[in-house]
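There are 4 protein chains.
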Amino acid sequence: MAAITLNKARTIIRKTLAKSREMELKPMSVVVLDAGGHVLAFEREDGASPGRFGIAQGKAYGAVMLGMAGKAQMARAEQQAYFMAAVNGVYGGQVVPVPGGLLVRDKRGAVIGAVGATGDTSDNDATAAMVGIEAAGLAGEA
Amino acid sequence: MAAITLNKARTIIRKTLAKSREMELKPMSVVVLDAGGHVLAFEREDGASPGRFGIAQGKAYGAVMLGMAGKAQMARAEQQAYFMAAVNGVYGGQVVPVPGGLLVRDKRGAVIGAVGATGDTSDNDATAAMVGIEAAGLAGEA
Amino acid sequence: MAAITLNKARTIIRKTLAKSREMELKPMSVVVLDAGGHVLAFEREDGASPGRFGIAQGKAYGAVMLGMAGKAQMARAEQQAYFMAAVNGVYGGQVVPVPGGLLVRDKRGAVIGAVGATGDTSDNDATAAMVGIEAAGLAGEA
Amino acid sequence: MAAITLNKARTIIRKTLAKSREMELKPMSVVVLDAGGHVLAFEREDGASPGRFGIAQGKAYGAVMLGMAGKAQMARAEQQAYFMAAVNGVYGGQVVPVPGGLLVRDKRGAVIGAVGATGDTSDNDATAAMVGIEAAGLAGEA
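Below, the structure written as C-alpha cells:
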C-alpha cells in the first residue's frame, strides 16, 4: 500500500484551495489524513471561522474509519440517523457525515487516506477537494 | 453459568469468517465479548476499514449490556431514537443498535456473552455471525 | 510499507501465547494493532481478568502513536512523569507506558504496527511478545 | 491585534522544517495555532509517527491558553506536577507542558498565536520552531 507523502498532501491542499478561489467559494479549510485517520497536513484560509479544523477532520475521519465517503455517509444518515449517531459515539464524536469528506485511493484501489474540506456548501467543498486529489495523481471518492 | 472459552471464541470467529467468504461478503470483522461485555477475541479481515473494531464491539456491547440483541435494539431505535441515544450516553457511546450484534446463550438460556460482526449489510453480518455461534455449539439470538 | 496481514497477526498471537505457556506465565492477553493504532486481532486466555483488552491495547497504542516502544516509554515516564501523563491526555487515556508494548517493523525498518501483551510481569509480557513477532518473520522492538 | 495569516503560518512551518533538516533532526511535525488556540496549519514529515499532530497541538495549545511558553510550563510542571495535571483537566487533556510549544507575538508584544513542534528532543524542537517564527518576521518565546 502506497502512503500519501507530505508532498502529495501539500499538492492536494494547494490545488483544492486554488480551485476554491477559481469557484469563488467562501474561505476554505482542508485536511489530509493518512490511512489510519491521523493528520498529515491542514490549512485554513484567512477569513475562515476558527472551528474549521474539527469540521474538516470530522468529514475525513469518518470516511477513512468506515471506508465510506461523505456522500454515502450522508445517505446512511438520512436513512438511519440513529446509526450515524451511534457511529459518532464509537469514534468519539469525530464524525461529520456530509459531502466534503473524500476517500483517497491508490492505483490498486486501496484506501490510503482521506481529505476533508469545509467552508462553502458541502457539495462545493467536495468538488474542490476532488480537483485537489486528482491534481496529486490520486483517485478520489466523494 | 458456562463461560465462552477462548477456544469457543476462536471457533465463532473462524466460522463467521468462513461463512462470510462463502456468502462473498465484504471484508468482515468479528468480536466476541464475555458476559460482562469485555473483549475475549477479535479479528479483522484484510481489506476491512481501520475503524471496524469499534463498530463490531458496539454491536455486541449493547446486546450484552441491555440483554437485547441487535434486531430488537434496532426496532427500539426506529420507534424511540432518543431512548437509544440516551442508552448510548449511559454506556459511554459504545452502543451500535443494529443487526450484527448477537446474544450468546448457554444450554439453559443464560446470556454468556455476545458477538459483533460488521463489514457487509447489517443483516448479512448477522447471518454470518449466527453460523459462527452455532458452529461453536452455542445458541445465538440475532 | 508492508501491512501486518490477519494471517501474520494470528501467528504473532498464537506464538506469544505458546511462549507464555512454555514460560508458565499467568494467563496472557495479546493485541496486534496496525500502523494507525487500530485493532487487527486480539485474544485473551481463559482465566485472565476481564479488563485485559484495554491494558494490552494501551501498551501497543502508545508505542505506535509515539513511535516509541514500551521500554523507552517507561524510561521517559520514570524521568518525566508529567510528560507521559500529558501524552495520555492527548491520546484519550489510552497509553500504558510499560514493557509489553512492542513496535513491529518491516524489512526496511518502517513501523507497520505494534503488539501489546499483558498478564504476567511487564518484562515477561515483552519477552513472550517478541517471540511471537519474530515467529511471524517480523522485527520487534521492546 | 495582527493575526497570523495563512501565508505567515506556511512560512513558519516551512522554515521550521528546513531548519530541522539542516540540524539533521528526526522527522518533524509542526502546527500553528491562532490567538484562540485553533489550528491554522499543520504539516507532518514523512517518517514521523502517526500521533504527532496531538503532541504538536498540545504543546502549542497550552502555550496560547495559559499565555505561557513550553519552557515556563515545564518549569511549573517540575515544581508542581499536580497543577499542570489540573490545567490539563480544565483544557480537556490537550496540554503538553514541555519545550517545543512557543508563543508568537506581534510587534507590540501581544500574543497572536503559538507554534508546536515535535519529533526530536524537546529542546531541538524549540530551536527549530524559533527559527521558523523569526523567518516569518514575528517574535517567538520558547
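For the protein sequence lines, the chains are R, B, E and L, in the order given.
Under my numbering, think of the first position of the first sequence as 1, with each following residue one higher.
Under my numbering, think of the first position of the second sequence as 1001, with each following residue one higher.
Under my numbering, think of the first position of the third sequence as 2001, with each following residue one higher.
Under my numbering, think of the first position of the fourth sequence as 3001, with each following residue one higher.
All C-beta atoms in this analysis are idealised placements derived from N, C-alpha and C, irrespective of residue type, glycine included.
Everything numeric in this text was worked out from a predicted model, so none of it was measured.
- In the three-state reduction of the DSSP assignment, E3045(L) falls in the coil class, being assigned neither a helical nor a strand state.
- Residue nearest to M74(R) within the set I4(R), E45(R), D123(R), A139(R) is D123(R) (criterion: CA-CA distance).
- When Cβ pairs closer than 8 Å are counted between the two stretches, the segment 30-50 of chain R is seen to touch the segment 99-118 of chain R, the count reaching three or more.
- Using a CB distance below 9 Å, the part of the segment 2066-2093 of chain E facing chain L consists of L2066, G2067, M2068, Q2080, A2081, Y2082, F2083, A2085, A2086, V2087, N2088, G2089, V2090, Y2091, G2092, G2093, ordered along the chain.
- Taking 9 Å as the Cβ-Cβ cut-off, the segment 30-45 of chain R approaches chain E at D34, A35, G36, G37, H38, given in chain order.
- Straight-line spacing of the CA atoms in E1043(B) and A69(R) works out to 24 Å.
- Note on geometry: alpha-carbon atoms of A3060(L) and G3100(L) lie some 8 Å from one another.
- With a threshold of 8 Å between beta carbons, S3020(L) makes no contact with chain E.
- The continuous stretches of alpha helix (DSSP H) do not include A2139(E), which lies in the beta strand (DSSP E) extending over residues 2139-2141.
- Within the segment 3095-3117 of chain L, the residues whose Cβ lies closer than 7 Å to any Cβ of chain E are, in chain order, V3095, V3096, P3097, V3098.
- Secondary structure at A117(R): strand, using DSSP grouped into helix, strand and coil.
- Looking at the backbone, the Cα of V2096(E) and that of A3002(L) are separated by about 42 Å.
- In this structure, A3139(L) and T3016(L) do not form a Cβ contact; the two beta carbons are roughly 15 Å apart against a cut-off of 8 Å.
- Between the alpha carbons of E3024(L) and G3119(L) lies a distance of about 11 Å.
- For G1132(B), the enclosing alpha helix (DSSP H) starts and ends at 1122-1135.
- Fully contained in the segment 77-118 of chain R are the following beta strand (DSSP E) runs of length 3 or more, in chain order: 101-105, 111-118.
- Between K1026(B) and A1128(B), the CB-CB gap reaches or exceeds 8 Å.
- L3006(L) reaches chain R at E43, R44, E45, D46, counting residues in chain order whose Cβ is nearer than 8 Å.
- Check the Cα spacing between A1041(B) and each of A2056(E), G2037(E), N2088(E): the tightest is with A2056(E).
- Taking the C-beta atoms as reference points, D46(R) is found nearer than 8 Å to L3006(L).
- Counting along the chain, L66(R) sits inside no beta strand (DSSP E); it lies in the alpha helix (DSSP H) bounded by residues 52-66.
- Under the 8 Å criterion on CB atoms, G1137(B) is classed as non-interfacial with respect to chain E.
- Residue-level contact by beta carbon holds for V2064(E) and chain L, with a gap shorter than 8 Å.
- For G1051(B), the nearest beta carbon of chain E is closer than 8 Å to its own beta carbon.
- In the three-state reduction of the DSSP assignment, L25(R) falls in the coil class.
- The closest CA to that of Y3091(L), considering only I3012(L), K3008(L), V3039(L), M3065(L), is found on M3065(L).
- For F1083(B), same chain residues with a beta-carbon under 7 Å away, outside a window of 5 residues either side, are R1076 in chain order.
- Here the alpha carbons of R2010(E) and V2131(E) stand approximately 13 Å from one another.
- With 16 or more other Cβ atoms from the protein chains shown falling within 10 Å of its own Cβ, E1141(B) counts as buried.
- Among the residues facing chain R, I1133(B) is not included, as its CB has no counterpart in that chain under 8 Å away.
- Between G58(R) and A1048(B), the alpha-carbon positions lie close to 20 Å from each other.
- Per DSSP, the beta-bridge partners of L2033(E) are V2039(E), A2114(E).
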